[in-house]
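Structure first, commentary second.
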Amino acid sequence: MSNTRTIRFTLNGAPVKTDVEPHETLVDVLRQRFNIGGVRESCGQGLCGCCTAIVDGIAVSSCLFLAMFADGTAVDTIEHLGSSHRLDPIQEAFIEAGALQCGFCTPGFILMTKQLLDIHPVPSDDDIRHYLAGNLCRCSAYPEILAAVKLAARRRNSAAEPA
Amino acid sequence: MTSFELVEPRSLEETFALLDRDDPAVRPIAGGTALMLMMKSGLFSPLRLISLRRVEPRLAGIAFADGSVRIGAMTTFAALEHSPEIRRHLPVVTRTMRTLANPRVRNVATVGGNLAHADTHLDLPLVWIALGAQAVVVSPRGERIVAVEDLYRGYYETVLHHDELIAALHVPLRPTWRSVYVKVTTRTAHDWPALGIAVSLARDGSIIRDARIAVGAATKKATRLIQAETVLRGAAIDAAAVDDALLARAGDAAIGEISIEADSRGSASYKQHLLRVYLGRAVRAAAAAEPGA
Ligand SMILES: Cc1cc2nc3c(=O)[nH]c(=O)nc-3n(C[C@H](O)[C@H](O)[C@H](O)COP(=O)(O)OP(=O)(O)OC[C@H]3O[C@@H](n4cnc5c(N)ncnc54)[C@H](O)[C@@H]3O)c2cc1C
Ligand code: FES
Ligand code: FES
């Protein structure tokens, strides 16, 4: 008996469907079926954040998330944040602050930063360190990442002020 | 991971029909954070997983009534962490959340899955024991109440049958008690603890009226320290400095009543030392805290 089932969800704003096996993880399905390169499996254990995806507005480690649980949800990845014509202010801040070297961890850091700034528009250093504790950067760009998050917060807050 | 069947029942009745009292390869799945790690590493190969995500509403929600709070088993760590009522009435839970895992795991991991996982390194079961919490356990045979301290049989082992589910947790509200949780990590701050210790004290002026203490990570299972509590109960303390001799006696009692296990985070003798030191620190911190903390 096959346990395959069709799941339907919204991927980066567009409705999609695919057949999945119960044991498939969301990170594998996004990469293999939908060519989403912005989620990467690194630790596979929920520790590093390279596989971060946003499911119904909530950040999850897609390496620990069964693809079938995405049925009926809205899934967003870094591909949905800005476009090559117009980057999100957080993406711009990461580039300006030099907060990446190889860039493998960057989608996860940026998506988590967006969640952080939605909750704490003016985060303290402690808030930033705490919130990003589940994101690891093997190139160790941590000081620049901290600076990028603060720069992004300033940008977002000044953009939010009435002109 | 090997293949398995995944079902998502809509009611408890359907769930019970899918569970199997005799087959450990048929399991409920809540957030899946613990199960996924076990399946990925090959420690667990299920035949069937029964998702509790759509079994509303008996497993969901945080509700306050009559001096206690009922926390549904499917409540996520993030929901607890961000609940203003939990912060007001059980601030030790809010504080402990910040030491657990990371925001993505907390968005998904559930209170029920955490209780049922029965890993002695988990932090929250210790806090629930110190707070005097009880699990509401449901099965085709009805409902039973199990104090969290009685939930564990051994390493990764609970007293639950395979067809029993944790539906909720009942936590008494004790506005005069003060509670502290200390997670002792020996490598990095986010490592699993070498020792976890939760202390809850009730004070009448300078007398310790009552005490509840739980340890984990150094023992096979989350364990209440009854003898150490007895040493503290009725003792006179000076709020500014709890007497060293009293804490030494409590430490002796603690070491005497449990079997301390070595693991990769420390030898048994090192963990004994940690227990003495951190029991004292946790009792001092709880004694000095504001009522309701
Ligand atoms: C990277 C990482 C770091 C972590 N760090 C910590 C930490 O520092 N401290 C800490 O305490 N926790 C930590 N956790 C979380 C913890 O290990 C568990 O993963 C989590 O609490 C389990 O909840 P869950 O809902 O995901 O359970 P699941 O994985 O879905 O289930 C766990 C077990 O409980 C059973 N189960 C689930 N729900 C019920 C129910 N209602 N009734 C009966 N049985 C049930 C399942 O069958 C399974 O055996 C961490 C997890 C990860 C991935
Ligand atoms: S790959 Fe998922 S958190 Fe590291
Ligand atoms: S930039 Fe290389 S891992 Fe972070």
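As they're listed, the protein sequences go chains G and C. Mapped onto the working numbering, the consecutive letters of the first sequence carry residue numbers 92 to 254. Mapped onto the working numbering, the consecutive letters of the second sequence carry residue numbers 757 to 1049. Just so it is clear, CB atoms sit at the ideal spot from N, CA and C, and this is done for glycine as well. Bear in mind the structure is a predicted one, so any value in this text is a computation, not a measurement.
For Ala232 of chain G versus Gln192 of chain G, is the C-beta spacing smaller than 8 Å? Note that the C-beta distance between Ala232 of chain G and Gln192 of chain G is below 8 Å.
On the three-state DSSP scale, how would you describe Glu183 of chain G? Looking at Glu183 of chain G - three-state DSSP - the assignment turns out to be helix.
Any non-hydrogen atom of ligand 1 closer than 7 Å to Arg844 of chain C Cβ: Arg844 of chain C: no, Cβ never under 7 Å from ligand 1.
Compare the C-alpha of Phe820 of chain C against each of C:Glu812, C:His845 and C:Thr831 and name the closest. With distances taken between Cα atoms, Phe820 of chain C lies closest to C:His845.
Helix, strand or coil at Gln1112 of chain C according to DSSP, with G and I counted as helix: Residue coverage of chain C in this structure runs from 757 to 1049, which leaves residue 1112 of chain C outside it and unanswerable.
Sorry if obvious, but does the Cβ on Gln192 of chain G come closer than 7 Å to a heavy atom of ligand 3? The nearest non-hydrogen atom of ligand 3 is less than 7 Å from the C-beta of Gln192 of chain G.
Would you mind reading off the limits of the alpha helix (DSSP H) that contains Tyr233 of chain G? Its alpha helix (DSSP H) spans residues Tyr233 to Ala251.
Strand pairing of Arg816 of chain C, partner residues [DSSP]: The question names Arg, yet the displayed sequence has Ala at residue 816 of chain C. Looking at the DSSP assignment, Ala816 of chain C forms no beta bridge with any residue, so it has no partner.
Can you name the start and end residues of the beta strand (DSSP E) that Leu921 of chain C belongs to? Counting along the chain, the beta strand (DSSP E) containing Leu921 of chain C begins and ends at Leu921 to Pro928.
Output needed in chain order: residues of the stretch 222-241 of chain G with a Cβ under 9 Å from some Cβ in chain C. The residues in question are Tyr222, Leu223, Ala224, Gly225 and Asn226.
Please classify Asp1055 of chain C: is it buried, with 16 or more other beta-carbons within 10 angstroms of its beta-carbon, or exposed? Since the displayed chain C opens at 757 and closes at 1049, residue 1055 of chain C lies outside it and no answer follows.
Are there 16 or more other CB atoms within 10 angstroms of the CB of Gly148 of chain G, so buried, or fewer, so exposed? Answer is exposed; the Cβ neighbour count stays below 16.
What's the C-alpha gap between Ile901 of chain C and Cys141 of chain G? Those two C-alpha atoms are separated by around 41 Å.
Status (buried if at least 16 other CB within 10 Å, exposed otherwise) for Ser807 of chain C: The residue in question, Ser807 of chain C, is buried, as its Cβ has 16 or more Cβ neighbours within 10 Å.
Gly828 of chain C - containing alpha helix (DSSP H), residue span: From DSSP, Gly828 of chain C is part of no alpha helix (DSSP H) but of the beta strand (DSSP E) over Ser824 to Gly828.
Tell me whether Arg229 of chain G, by its Cβ, gets closer than 7 Å to a heavy atom of ligand 3. If you check the C-beta of Arg229 of chain G against ligand 3, you find a heavy atom less than 7 Å away.
Since Val1033 of chain C contacts His918 of chain C with CB under 8 Å, what's their CB separation in whole angstroms? Their Cβ separation, rounded to whole angstroms, is 40 Å, which puts Val1033 of chain C and His918 of chain C out of contact at 8 Å.
Looking at Pro198 of chain G and Ala256 of chain G, is the spacing between their C-beta atoms short of 8 Å? Residue 256 of chain G is absent from the structure shown; chain G starts at 92 and stops at 254.
Can you pull out the residues from the stretch 759-778 of chain C whose beta carbon lies closer than 7 Å to at least one beta carbon of chain G? Correct list: Ser759, Phe760, Glu761 and Leu762.
What did DSSP end up calling Ser175 of chain G once you bin it into helix, strand or coil? Coil, per DSSP.
Alpha carbon to alpha carbon, what distance is there between Thr866 of chain C and Pro881 of chain C? One alpha carbon belongs to Pro881 of chain C, the other to Thr866 of chain C, and they sit about 12 Å apart.
Looking at the unbroken alpha helix (DSSP H) that takes in Thr1012 of chain C, where does it start and where does it end? Note on identity: in this sequence residue 1012 of chain C is Gly, with Thr being the wrong assignment. Counting along the chain, the alpha helix (DSSP H) containing Gly1012 of chain C begins and ends at Asp1000 to Glu1013.
Check the Cβ-Cβ distances between Gly788 of chain C and every residue of chain G, and say whether any is below 8 Å. So yes, Gly788 of chain C belongs to the interface.
Contacting residues, own chain, Cβ-Cβ under 6 Å from Gly189 of chain G (five flanking each side not counted): Excluding positions up to five away in sequence, the list reads Glu235.
Inspect the CB distances between the stretch 902-914 of chain C and the stretch 928-935 of chain C and report whether three or more fall short of 8 Å. Under the 8 Å Cβ criterion, the stretch 902-914 of chain C does not count as touching the stretch 928-935 of chain C, having fewer than three qualifying pairs.
Contacts of Leu793 of chain C in chain G (Cβ-Cβ under 8 Å): Under the 8 Å cutoff, chain G gives Gln136, Gly137 and Leu155.
Hey, is His1051 of chain C's beta-carbon within less than 8 Å of any beta-carbon in chain G? This structure gives no information on residue 1051 of chain C, because the portion of chain C shown stretches from 757 to 1049.
Less than 7 Å separating the Cβ of Gly869 of chain C from some heavy atom of ligand 1? Indeed, a heavy atom of ligand 1 lies less than 7 Å from the Cβ.
Are there 16 or more other CB atoms within 10 angstroms of the CB of Cys82 of chain G, so buried, or fewer, so exposed? Since the displayed chain G opens at 92 and closes at 254, residue 82 of chain G lies outside it and no answer follows.
Rounded straight-line distance, which links the Cα of Ala954 of chain C to that of Glu899 of chain C: When only Cα atoms are considered, Glu899 of chain C and Ala954 of chain C end up about 28 Å apart.
Going by beta carbon distance, what residues of the same chain come within less than 7 Å of Ala1041 of chain C, once the five residues before and after it are set aside? So the qualifying residues of the chain are Val936.
Starting from Arg943 of chain C, find everything on chain G with Cβ-Cβ shorter than 9 Å and list it in chain order. Residues of chain G passing the Cβ test: none, with the nearest at roughly 13 Å.
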